[in-house]
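Asker:
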Amino acid sequence: MPELPEVEVTRRSFADRIAGAQVRALQLGKPLRWPLGCDPAELAGRQVRSVARRGKYLLVHLDEGLLLVHLGMSGSLQFATSLPPRGVHDHFELQTSQGMLRLHDPRRFGAVVYASSLDDARALKLLGGLGVEPLEAGFDPLSFHRALQLRRSAIKQVLLAGDIVVGVGNIYASEALFMSGIRPTLRADRLSKPRAARLHAAIVQVLQRAVALGGSTLRDFSSAEGQSGYFQLDAMVYGREGLPCRVCGTPIQAIRQGQRSTFLCPACQKK
DNA sequence: AGATGTCCCTGGAAGC
DNA sequence: TGCTTCCAGGGACATC
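When the count follows this note's numbering, it moves up by one through the first sequence with no breaks and lands on 1004 for the last residue.
Laid out in structure tokens, this is it:
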């Protein structure tokens, strides 16, 4: 499933190649999570300026307006000068002078939304409430700790909410909490400053590492079956219920928090 | 306001 | 074997 690192790796894979391209046509398949929000024909003739990322959204900037692309959980993007005919799960395609950008998304949790600018109400609704970027300077241990002090729910759920820091999905939340020895059910405001700093470092480390690995494994990923992505190979706790902890051998536990599964080592994450 | 629960969707796995 | 049920995931939205 696309997490922040994969979205970033996807961005890097086509941003330079699509920059400067002129839009020829836009084709839609079945409805995605939200409607496009403009007449597809309107976009013909516009030029692609750049592709940026905010959280898990890709921002395809045009000379006028932009497209916000979210991969949901089963979405993937392809950009190529020629592609086979659109299949049943290809729900968005941007034909340009430099190639075709296609969204393949069987579960249709993804979305492509047009906004006239970043200040547009549609863009603000999607991006306005997002927390800081974890791999940028705005994410620092002290302000992270300060933000956690205001929250009483479980630290795992606060991480997932994405309004303090973006990009920590269900997998990385479990992994980062394991790395920092913190129990996922601990109230966010109960983290001491040093423990918050340790969690901060773990989040940065786990995401940075995934971006680095994503670069080399995305190729296998696209040719591989299903979701056995790079991360599964070396997860410390995620998806390892009942298996021995890689550090202490204690069986890994799975619990539910807010309808989501959380994995932890009850010995390494005592409090 | 924060916290919590629900919903969207489909393919694969598990259960009967 | 073939059916049904459950589960995965992000995030908007409703409700308390």
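In this text, a Cβ means the ideal position worked out from N, Cα and C, and glycines have one as well.
If you're wondering where the values come from, they're calculated on a predicted model, not measured in any experiment.
So, helix, strand or coil for Tyr905, using DSSP?
Answerer: helix
Asker: Assuming Arg1005 and Leu765 make a contact with CB atoms under 8 Å, what is their CB distance in whole Å?
Answerer: Absent from the structure is residue 1005, since the part of the chain shown begins at 734 and ends at 1004.
Asker: Can you grab the Cα-Cα spacing for the pair Val740 / Arg923, in whole Å?
Answerer: 32 Å
Asker: Tell me, to the nearest whole angstrom, how far the beta carbon of Asp823 is from that of Gly762; I am working on the premise that it is less than 8 Å.
Answerer: About 6 Å; that satisfies the 8 Å criterion.
Asker: With H, G and I counted as helix, E and B as strand and the rest as coil, what does DSSP make of Ser783?
Answerer: strand
Asker: Would you grab the beta carbon distance between Gly722 and Asp838 for me? Rounded to a whole angstrom, and I think it's under 8 Å.
Answerer: The chain is shown only over 734 to 1004; residue 722 falls outside these bounds and no answer can be derived.
Asker: For Leu759 versus Leu827, is the C-beta spacing smaller than 8 Å?
Answerer: yes
Asker: Using a Cβ-Cβ cutoff of less than 6 Å, which residues in the same chain neighbour Gly864 once the five nearest sequence positions on both sides are dropped?
Answerer: Gly895, Asp896, Ile897, Val898 and Val899
Asker: Looking only at C-alpha atoms, which of Glu866, Ala785 and Arg916 sits nearest to Gln890?
Answerer: Arg916
Asker: Along the chain, where does the beta strand (DSSP E) containing Ile888 start, and where does it finish?
Answerer: No beta strand (DSSP E) holds Ile888; the alpha helix (DSSP H) holding it covers Ile888 to Ala894.
Asker: For Arg757, does the three-state DSSP call read helix, strand or coil?
Answerer: Three-state DSSP puts Arg757 in a strand.
Asker: Can you list, in chain order, the residues of its chain whose CB lies under 8 Å from that of Gln1002, leaving out five sequence neighbours each side?
Answerer: Taken in chain order, the residues that qualify are Leu910, Phe911, Gly914, Ile915, Arg916 and Pro917.
Asker: Count the other C-beta atoms from every protein chain shown that fall within 10 angstroms of the C-beta of Val756, then say buried if there are 16 or more, exposed otherwise.
Answerer: buried
Asker: I'd like to confirm the pairing. Which residues does DSSP put opposite Gln828 in its beta bridges?
Answerer: Ala758 and Met833
Asker: Please identify the residue among Arg979, Gly982 and Leu997 whose C-alpha is closest to the C-alpha of Arg989.
Answerer: Leu997
Asker: Please identify the residue among Cys981, Lys926, Leu769 and Arg920 whose C-alpha is closest to the C-alpha of Val802.
Answerer: Leu769
Asker: CA-CA distance, Gly753 and Val781?
Answerer: 5 Å
Asker: Please look up how many angstroms separate the CB atoms of Ala929 and Leu881, rounded, as I've assumed it's under 8 Å.
Answerer: 6 Å
Asker: Assess, as a yes-or-no matter, whether the segment 967 to 981 is touched by the segment 867 to 874 under the definition of 3 or more beta carbon pairs within less than 8 Å.
Answerer: Taking a cut-off of 8 Å on C-beta distances, the segment 867 to 874 does not touch the segment 967 to 981, as fewer than three cross pairs fall below it.
Asker: Give me, in chain order, the residues of the same chain whose beta-carbon lies closer than 7 Å to that of Ser849; leave out the 5 immediate sequence neighbours on both sides.
Answerer: Gly798
Asker: Taking the Cβ atom as the reference point for each residue, do Gly947 and Pro818 lie within a distance shorter than 8 Å?
Answerer: no
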